[in-house]
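See below for the structure under consideration.
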Amino acid sequence: MLTNHLLEGKKGIIFGALDEHSIAWKVAEKAYAEGARFVLSNAQIAVKKGDIFNLAEKTDAQIIPADITDIQELEQLFIKTMEIFDGKIDFILHSVGMSPNVRKQIHYTELNYNWYMKTLDVSAMSLHKVLATAKKLDAIKEWGSVVTLSYIGAVRQFSSYSDMSQAKAMLESIVRSFGYHYGVAKKVRVNAISQSPTKTAAGSGVKGFNSFYSYANCMSPLGNADADACADFCMTLFSDYSKMVTMQTIYHDGGYSNMGISDNLINNCFNCTGDCKE
Ligand code: NAI
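Here our numbering = 1-based position in the sequence shown + 21.
Written out as structure tokens, the structure is:
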């Protein structure tokens with residue numbers, strides 16, 4: 022793996038590595054190669070699945086399970102992490118999302134509201150909880166960097182993305198609001214990466230994911246960004262080379278977000294003549 026020692030000496034917490042396809046998994050591998058050391062955290066049930074132990078071994082990381090919606094567990098996680106590293110940390114990856122409504126393929130017009138709350142709590146409010154806990158414990162160094170993962174469904178309608186659209190919209194709003202307050206108080210940076218459809222457990226859980234994936238891939242001038250490329254981009258946001266970037270949602274999608282229609286779609290991928298509406 023090509024490395025530039027971009028994160029030499031930096032310490033962090035990486036949330037959300039479930040298996041080798043997870044975006045957080047690739048981020049952990051690259052961050053380790055770039056010289057960072059970190060704690061891996063995930064929900065107890067994901068840790069029980071077991072894959073994360075392979076990652077921990079490869080990256081010389083300790084695993085501290087935490088339900089990211091539980092403030093007490095988050096406090097313990099930050100306290101233990103600061104003990105391990107003998108001080109404050111430099112970066113956090115928040116790579117967590119889950120919707121029971123999406124999983125169970127409930128139609129958007131018939132959402133289960135308890136599950137809706139769960140979606141918002143796990144996928145969006147958890148970022149606020151992580152940031153609030155870190156700020157309260159003064160756990161992040163000045164110029165530290167927090168990165169979360171979003172999707173363009175935050176601002177456009179994707180038919181089966183369902184309540185995750187609201188979760189991502191809220192997530193991106195928290196990036197702006199908390200990014201402001203944490204920036205003023207401690208010069209801590211908070212950004213979201215709005216990532217292409219990516220073949221992971223969370224991604225594939227969305228009904229019609231293959232169409233999301235191939236449509237975006239055909240439309241984007243560079244094609245879809247994969248998890249490896251996303252991890253590369255995370256390195257720059259954790260590094261000191263992006264010090265003045267905060268409160269942003271940055272599209273990492275091969276150009277998809279600025280497209281209308283592409284030659285590729287016209288010539289190769291789109292055969293419908295419009296009769297489907299008649
Ligand atoms: P993934 O399924 O590998 O990661 C999701 C992680 O969230 C898992 O590790 C899961 O254990 C964790 N999680 C769920 N509930 C939790 C809880 N209560 N406490 C702690 N952790 C919890 O899938 P992926 O794709 O790597 O997802 C990472 C992030 O990237 C998510 O926010 C997702 O929405 C976002 N994203 C994914 C895209 C895709 O197409 N895969 C596209 C754009 C954004």
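Virtual Cβ for every residue (Gly too), placed ideally from N, Cα, C.
Per DSSP, cross-strand counterpart(s) of residue i
{"i": "Q216", "result": "H273"}
{"i": "K32", "result": "R58"}
{"i": "L14", "result": "Any question about residue 14 goes unanswered here, given that the chain covers just 22 to 299."}
{"i": "Q83", "result": "V60"}
{"i": "I161", "result": "I110"}
Outcome for residue i when other beta-carbon atoms lying within 10 angstroms are tallied against a minimum of 16
{"i": "V168", "result": "buried"}
{"i": "F36", "result": "buried"}
{"i": "C255", "result": "buried"}
{"i": "H26", "result": "exposed"}
{"i": "V205", "result": "exposed"}
{"i": "E29", "result": "exposed"}
{"i": "S116", "result": "buried"}
{"i": "C290", "result": "exposed"}
{"i": "K189", "result": "buried"}
{"i": "S235", "result": "exposed"}
{"i": "K220", "result": "exposed"}
{"i": "H273", "result": "buried"}
{"i": "G295", "result": "exposed"}
Between the CA atoms of residue j and residue i - distance to the nearest angstrom
{"i": "L39", "j": "A57", "result": "20 Å"}
{"i": "L132", "j": "S186", "result": "13 Å"}
{"i": "D72", "j": "L61", "result": "12 Å"}
{"i": "M103", "j": "C239", "result": "45 Å"}
{"i": "A222", "j": "A160", "result": "30 Å"}
{"i": "V151", "j": "G276", "result": "30 Å"}
{"i": "S283", "j": "G244", "result": "11 Å"}
{"i": "T257", "j": "S144", "result": "24 Å"}
{"i": "A153", "j": "F59", "result": "20 Å"}
{"i": "E193", "j": "L170", "result": "9 Å"}
{"i": "R210", "j": "K47", "result": "22 Å"}
{"i": "C293", "j": "Q178", "result": "21 Å"}
{"i": "T24", "j": "Y262", "result": "15 Å"}
{"i": "Y201", "j": "A250", "result": "28 Å"}
{"i": "D111", "j": "E163", "result": "8 Å"}
{"i": "H149", "j": "K31", "result": "23 Å"}
{"i": "N63", "j": "G226", "result": "18 Å"}
{"i": "A77", "j": "S215", "result": "26 Å"}
{"i": "M268", "j": "G229", "result": "31 Å"}
{"i": "N135", "j": "S181", "result": "19 Å"}
{"i": "A155", "j": "Q65", "result": "21 Å"}
{"i": "P121", "j": "L95", "result": "22 Å"}
{"i": "F233", "j": "L286", "result": "14 Å"}
{"i": "I44", "j": "N212", "result": "16 Å"}
{"i": "M191", "j": "K139", "result": "13 Å"}
{"i": "I92", "j": "S217", "result": "30 Å"}
Heavy atom of ligand 2 within 8 Å of residue i beta-carbon
{"i": "L170", "result": "Looking at this structure, you won't find ligand 2 anywhere; what it does contain is ligand 1."}
**Request:** List in chain order: all unbroken alpha helix (DSSP H) runs of 4+ residues lying wholly within the stretch 87-118.
**Result:** 92-105
**Request:** Run through the stretch 231-282 for me and flag every whole alpha helix (DSSP H) of 4 or more residues, listed as ranges in chain order.
**Result:** 248-259
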